[in-house]
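Report on one structure; see the data block that follows.
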Amino acid sequence: MNEIILHSKKELYLEKNKHFIQCFLDIKGGRSKYTAISYEKDIKDFFNKSDVTEITIENIREINIFHVQKFILDLQNQGLSSATINRKISSLSALYKWLMKYEDNYSDIRIIKFNPFANVKEEKPIVTNKVTEFLTEEETKILLGSIDTTTVLGLRNKAILALALTTALRKSEMINIKICHIKKYGEYDVIEVTRKGNKKDLVKLQPKVKSLIEKYILVTGRDKEEYNNSYLFIGHSSNNRNGEKLNPSTLNYMLKNICSKCNINKKLKVHSTRHTAITMAITQGATIEKVREFAAHSSIATTNRYVHSIDKLKDNPGDNMDII
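Here it is as structure tokens:
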């Protein structure tokens, strides 16, 4: 990408006549396929285009802080969370920041001079975050007990949820596990996972969870060495072509469907299983440092938020007010 060929003031293509935004997405996709998909959707939503190739350099240059503020307000009115809005702003800011690096080698014209999404954090309206819902210990037993493991789909789903609830793994960490990542480390069964920042970590595999996973591998006919590089959890329905790595949205749909069938009326996503696992670890008396390691929090301050939320409810002054 040493050369930028400026065909006109409105259209910009990089090497091999590839549209400039597609080049940006290719770079992001090299790090994470799902990051690139997310960036593409955010960019198309902002510019109200069905395809990124419809976006011109002139469209890029026209945007100012007032357009950004209106976009944020529209998202807020749609009821989107601050996390979602922040992610969209971050995606767009990354595109502008990337474009600011380049000048045209033939005419010395800078593509853009200003990033209207930079430092917008202080300017955007405050969006109230929703409290993450999670399961009680009793609800986790009901949830897991309701799954029919006589089917391959049920067996997979129970293995996923059992693993999530006993390890506090993130969604991305679970879907990227391969069969070869299940190992023995001394006397312990472990799974090697890739954490945030591409860091490798070992997660202890509980015996009952290991048994579910081994049964799932056997039922899917992948217990031979040739399948070692296969993703552990794969698709088994029309929404996921058989044998392919799970789409992250499939996990949320799966959890919603199982909760509905066992009458757990909570708005849960897969992240809720992580929240549940961390909360259960705290309530069962694990030390804060052990919980931090269990959750793979880079900062103990993050773990403390869970502790403080529970402490606020426990031994509440209102418990002793016998007035009704």
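Once you know that position 36 of the sequence shown is 36 in UniProt numbering, the rest is easy, because the numbers rise by one and skip nothing.
Note that CB positions come from ideal geometry on N, CA and C, so glycine has one too.
Sequence-distant Cβ neighbours of isoleucine 282 in its own chain, meaning closer than 7 Å and more than five residues away, are Val291, Tyr306, Val307, Ile310. Residue pairing of arginine 61 in beta bridges, as defined by DSSP: absent, with no partner found. Approximately 12 Å separates the beta-carbon atoms of isoleucine 234 and asparagine 157; this is outside 8 Å, ruling out the contact. Note on glutamate 173: 16 or more other CB atoms within 10 angstroms of its CB, so buried under the neighbour-count rule.
The continuous beta strand (DSSP E) containing glutamate 192 extends over residues 188 to 194.
Closest option to glutamate 293, judged by alpha-carbon separation, among Asn115, Val219, Pro248, Arg195: Arg195. Nearest to glutamate 187 by C-alpha distance, out of Ile278, Lys204, Ile177, is Lys204.
In this structure the stretch 131 to 144 lies against the stretch 157 to 166, because at least three pairs of beta carbons, one per stretch, are closer than 8 Å. Here DSSP, grouped into helix, strand and coil, assigns leucine 246 to coil.
Taking 8 Å as the cut-off, the beta carbon of isoleucine 278 is found no closer than this to the beta carbon of alanine 118.
Boundaries of the beta strand (DSSP E) harbouring valine 203: 200 to 204, taken from the DSSP string. Under the 10 Å beta carbon count, histidine 67 is surrounded by fewer than 16 other beta carbons and is classified as exposed. Unbroken alpha helix (DSSP H) runs of no fewer than 4 residues, entirely contained in the UniProt domain "Core-binding (CB)" (15 to 100), are found at 20 to 31, 33 to 47, 57 to 62, 65 to 77, 82 to 99, following chain order. Around the beta carbon of glutamate 40, 16 or more other beta carbons sit within 10 angstroms, so the residue counts as buried. For lysine 184, the enclosing beta strand (DSSP E) starts and ends at 182 to 185. Serine 230 is a Cβ neighbour of lysine 178, given a cutoff of 8 Å. Tyrosine 227 is not bridged by DSSP to any residue.
Secondary structure of isoleucine 234 (DSSP, three-state): strand. Going by DSSP, alanine 159 is part of the alpha helix (DSSP H) stretching over 152 to 167. Per DSSP, valine 120 lies in no alpha helix (DSSP H) and is assigned neither H nor E. Per DSSP, reduced to three states, the secondary structure at lysine 178 is strand.
Between proline 116 and isoleucine 72, the CB-CB gap reaches or exceeds 8 Å. For the 8 Å CB-CB criterion, isoleucine 55 and isoleucine 111 do not form a contact. In this structure, DSSP gives arginine 305 a helical state, which the three-state scheme calls helix. DSSP, reduced to helix, strand and coil, places arginine 110 within a strand of the structure shown. Assigned with DSSP and collapsed to three states, serine 298 falls in coil, not helix or strand. In the same chain as serine 298, and ignoring 5 residues on each side of it, the C-beta atoms closer than 8 Å to its own belong to Lys196, in chain order.
For valine 219, the closest alpha carbon among the candidates Val190, Leu153, Ala301, Arg274 is that of Leu153. Going by DSSP, threonine 220 is part of no alpha helix (DSSP H) at all; its letter is neither H nor E.
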